[in-house]
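Student:
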Amino acid sequence: MGLVDGLSIVFNFIMILLQVYYYGMIVYFFMSWIPNAQSSKFGRFLQSIYEPFLAPFRKIIPPIGMIDISSLVAIFVLIFFQRGLGAIFNLILQQLLK
1452 MGLVDGLSIV
1462 FNFIMILLQV
1472 YYYGMIVYFF
1482 MSWIPNAQSS
1492 KFGRFLQSIY
1502 EPFLAPFRKI
1512 IPPIGMIDIS
1522 SLVAIFVLIF
1532 FQRGLGAIFN
1542 LILQQLLK
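Given below as structure tokens:
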């Protein structure tokens, strides 16, 4: 296995982890609409994973009425980060293949 193959495997693994984090965040958002779901064991587990990422957005962006748009901003930032990282990975792999 060459350098390019090894890096490709690592890059794909990182992208899969980011995708799993994204889907978990969506589950966490929907759990906020279900009464007592976030106080369950699973809800507390998700809270321990996602609140450190969401906290800076909640500090900067105040809720508008009863709507917390900081969660939407956070998910867009995560999407842009994932796409940007994918583009960087592709550039690195293209340069190594030359």
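As numbered in the working numbering, residues 1452 to 1549 make up the sequence shown, in order.
Note that CB positions come from ideal geometry on N, CA and C, so glycine has one too.
Tell whether a beta-carbon distance below 8 Å holds between Ile-1512 and Val-1524.
Tutor: Yes; because the gap between Cβ atoms is below 8 Å, this pair is in contact.
Student: Is Ile-1520 helix, strand or coil when you go by DSSP?
Tutor: If DSSP states are grouped into helix, strand and coil, Ile-1520 belongs with coil.
Student: Near Leu-1547, which residues of its chain fall below 6 Å by C-beta distance, leaving aside the five closest residues on each side in sequence?
Tutor: So the qualifying residues of the chain are Val-1455.
Student: Roughly how far, in whole angstroms, is the beta-carbon of Leu-1468 from the beta-carbon of Tyr-1479, given that I think they are within contact range, below 8 Å?
Tutor: Going by Cβ atoms, the distance from Leu-1468 to Tyr-1479 rounds to 16 Å, so no, they are not a contact pair.
Student: If we count the other Cβ atoms within 10 Å of its Cβ and call it buried at 16 or more, is Leu-1544 buried or exposed?
Tutor: So Leu-1544 counts as exposed.
Student: How far does the alpha helix (DSSP H) with Ser-1459 in it extend, from its first residue to its last?
Tutor: Ser-1459 -> alpha helix (DSSP H) spans 1454-1482.
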